[in-house]
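Novice: Convert by adding 213 to the 1-based position in the sequence shown; the result is the number in the numbering used here.
Pasting a structure below so you can have a look.
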Amino acid sequence: MARKTHSNKRIKKKKALPRGEFPAHVESLTLEGRGVAHVDGKATFIGRALPGEEVRFVYRDQRRHFDLGDAVAVEQASPERVEPGCPHFHLCGGCAMQHLDPDAQVDHKQQALLDQLSRIGRVAPDQRLEPLTGPIWGYRRMARLGVRWVRKKGRVLVGFREPGSPMIADIDTCPVLDPRVGEKLPVISELIAGLKAYRDIPQIEIGCGDDHCALAFRHMVPLDENDRARLDAFADEHGFAIFLQPGGPDTLAPLVAGERDVYPSYRLEDFDVEIRFSPLDFAQVNAEINRRMVRQALDWLAVEPGDRVLDLFAGLGNFSLPLARRAGATGSVTAVEADEAMVARGAESAAANGIDNTRHVVGNLFEPDAAHGWMRESFDRVLLDPPRAGAEAMIPVIARMKPRRVVYVSCHPGSLARDVGRLVHEHGWRLVAAGVMDMFPHTAHVESMAVLEPDR
């Protein structure tokens with residue numbers, strides 16, 4: 214019988230955090246919206262602190278190369294500090310920058326983009342695009358809200374999580390959410406508390422279209438007829454469409470089976486396009502900025518009738534369908550997306566809009582397969598809108614296709630800078646223009662657009 218052996222390695226106990234409040238001078242902001250200070254020579258990232266401020270903070274975590282903290286007092290305030298517009302700002306992690314003047318938020322994001330392009334990509338745009346801005350309140354039409362029954366409070370909490378915590382913030386309103394949802398958090402809480410399955414609903418996905426909002430309830434146990442009837446009555450009373458999700462994303466279905474008109478939709482009036490979506494789909498969260506972003510992207514891409522256009526990470530067709538309108542009957546759009554369900558819905562949307570010059574293709578753009586026919590074709594214009602990871606694997610493919618112009622829409626300036634840098638330095642392209650779009654006001658999220666051309 215083998216003898217048990219005991220390792221000589223000792224488990225290191227985590228050091229206790231320094232207790233009390235500590236002074237700091239804030240030098241700059243991180244991409245996540247935290248103030249950067251150096252305390253005893255060590256980088257310290259302080260939540261709710263702004264550049265130029267003298268603050269007192271408490272430690273939240275200590276790492277090898279940096280520490281984390283939260284400001285608890287501002288002894289010398291920045292002139293750009295403003296009173297947050299939400300009474301729950303200091304409790305809720307849904308927003309990170311409500312204490313910063315909205316114009317200064319946009320300036321910070323624009324500078325963050327330029328800094329990343331310079332530092333990571335070693336490039337600078339020939340032209341800086343004017344930031345796209347829009348409503349700063351009530352703009353958020355897509356969201357995931359946590360749900361939890363809290364016995365000590367005797368009620369169900371519905372909302373975003375507390376900063377840096379798995380706990381759900383105790384809020385009764387959310388001014389950044391579409392008001393059709395943000396002003397009804399208490400009645401949604403009461404609804405769930407009245408269900409037999411109130412302990413087994415961990416989250417709600419929100420999707421608001423032009424005409425109505427849909428709520429998708431994730432439930433861990435089957436809902437009985439009484440719970441379903443309560444949900445149905447709630448939908449009628451408050452004008453919501455209700456979806457149920459008992460398992461993974463593919464289990465999502467309307468509460469009332471077979472109902473098609475419960476799916477929300479949005480219109481892009483400039484292109485006579487309507488796109489239907491589910492609460493679990495990826496759709497741009499800010500309707501006004503999305504409309505302006507699509508218009509700007511197509512203007513810069515300069516699609517002409519007869520052009521062959523490639524749309525990468527095409528999703529539901531937010532860009533593909535307007536591109537198809539611009540390309541006209543003699544042109545075409547190839548829309549590539551990894552998610553098969555979204556590809557199918559993109560094709561359905563094209564048909565519903567009377568668009569017949571699109572081709573919708575399933576393709577893994579992180580590991581592109583040269584066997585796919587479209588990979589060996591040439592295109593006049595390319596538009597891409599990848600997730601945070603960017604489109605590194607597609608950069609040499611795009612360069613090989615030799616389009617006349619590329620528009621890159623990004624949700625992470627670091628991956629954008631990396632990919633743009635490769636096009637410029639490895640493939641001889643030029644960064645024509647770049648700028649930000651304030652898709653998520655009051656958060657540190659940076660949405661941006663870059664325009665590139667071969668440097669002929």
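Every residue gets a Cβ at the ideal spot worked out from N, C-alpha and C, and that includes glycine.
Along the chain, where does the beta strand (DSSP E) containing I414 start, and where does it finish?
Specialist: Counting along the chain, I414 falls outside any beta strand (DSSP E), and DSSP gives it neither H nor E.
Novice: According to DSSP, what are the bridge partners of M355?
Specialist: G420
Novice: Quick one: Cα of E403 to Cα of V363, how far?
Specialist: Between E403 and V363, the C-alpha separation is close to 13 Å.
Novice: Please report the straight-line C-alpha distance between G233 and N499, rounded to a whole angstrom.
Specialist: So the alpha carbons of these two residues sit roughly 40 Å apart.
Novice: Would you call the region 592-601 and the region 634-648 in contact, with 3 or more CB pairs under 8 Å?
Specialist: no
Novice: So, under 8 Å CB-CB, D485 and R539 are touching, yes? Tell me the CB distance rounded to an integer number of Å.
Specialist: No, D485 and R539 are not in contact; Cβ-Cβ is about 12 Å, not under 8 Å.
Novice: Which residues bound the beta strand (DSSP E) around W350?
Specialist: Per DSSP, W350 lies in no beta strand (DSSP E) segment and is marked neither H nor E.
Novice: Extract the residue ranges of the alpha helix (DSSP H) inside the region 506-531, only unbroken runs of 4 or more that lie entirely within it.
Specialist: The qualifying runs do not exist here; there are none.
Novice: Check for me: the alpha helix (DSSP H) holding V395 runs from which residue to which?
Specialist: Rather than Val, the amino acid found at residue 395 in this sequence is Gly. It spans P392 to G395 - the alpha helix (DSSP H) in which G395 sits, taken as one unbroken run.
Novice: Excluding the 5 residues preceding and the 5 following H301 in the sequence, name in chain order all residues of the same chain whose CB lies nearer than 7 Å to its CB.
Specialist: Within the same chain, and ignoring the five residues on either side of H301 in sequence, the residues whose Cβ sits closer than 7 Å to its Cβ are A382 and I384.
Novice: Locate the beta strand (DSSP E) running through I401, then write down its first and last residues.
Specialist: Not the beta strand (DSSP E): I401 falls in the alpha helix (DSSP H), residues L398 to A406.
Novice: Need the endpoints of the alpha helix (DSSP H) that R613 sits in, please.
Specialist: I608 to M614
Novice: Indicate the three-state DSSP secondary structure (helix, strand or coil) for F447 in the structure shown.
Specialist: DSSP places F447 in helix when its eight states are reduced to three.
Novice: Starting from S562 and walking both ways along the alpha helix (DSSP H), at which residues does that stretch end?
Specialist: E553 to A565
Novice: Give me the Cα-Cα distance between L428 and P477, rounded to the nearest whole angstrom.
Specialist: 10 Å
Novice: Any idea which residues DSSP pairs I259 with across the strands?
Specialist: G248 and G282
Novice: Taking the C-alpha atoms as reference points, what is the distance between R521 and D569?
Specialist: 14 Å
Novice: So, for R589: in the same chain, excluding its five sequence neighbours on each side, which residues have a beta-carbon less than 8 Å away from its beta-carbon?
Specialist: A583, listed in sequence order.
Novice: Taking only three categories from DSSP, how would you classify F592?
Specialist: coil
Novice: Mind checking Q509: buried by the 16 CB within 10 Å criterion, or exposed?
Specialist: Around the beta-carbon of Q509, 16 or more other beta-carbon atoms lie within 10 Å, marking it buried.
Novice: Only counting the same chain, and skipping five residues up and downstream in sequence, which positions put a Cβ closer than 6 Å to that of G307?
Specialist: F373
Novice: Which one of I608, K615 and M614 has the shortest CA to CA distance from S628?
Specialist: I608
Novice: Count the other CB atoms within 10 Å of the CB of G460; is the residue buried (16 or more) or exposed (fewer)?
Specialist: exposed
Novice: Answer with buried or exposed for H321, where buried requires no fewer than 16 other C-beta atoms within 10 angstroms of its C-beta.
Specialist: buried
Novice: Below 8 Å on the Cβ atoms is my guess for D423 versus Y479; work out the distance and round it to an integer in Å.
Specialist: 5 Å
Novice: Do the region 551-561 and the region 482-497 touch if we need at least three Cβ pairs shorter than 8 Å?
Specialist: yes
Novice: Identify the continuous beta strand (DSSP E) that holds V469 and give its terminal residues.
Specialist: Taken as a continuous stretch (DSSP letters only), V469 belongs to no beta strand (DSSP E), as it is neither H nor E.
Novice: Drop a sphere of 10 angstroms on the beta-carbon of A284, count the other beta-carbons inside from all chains shown, and report buried for 16 or more, exposed for fewer.
Specialist: buried
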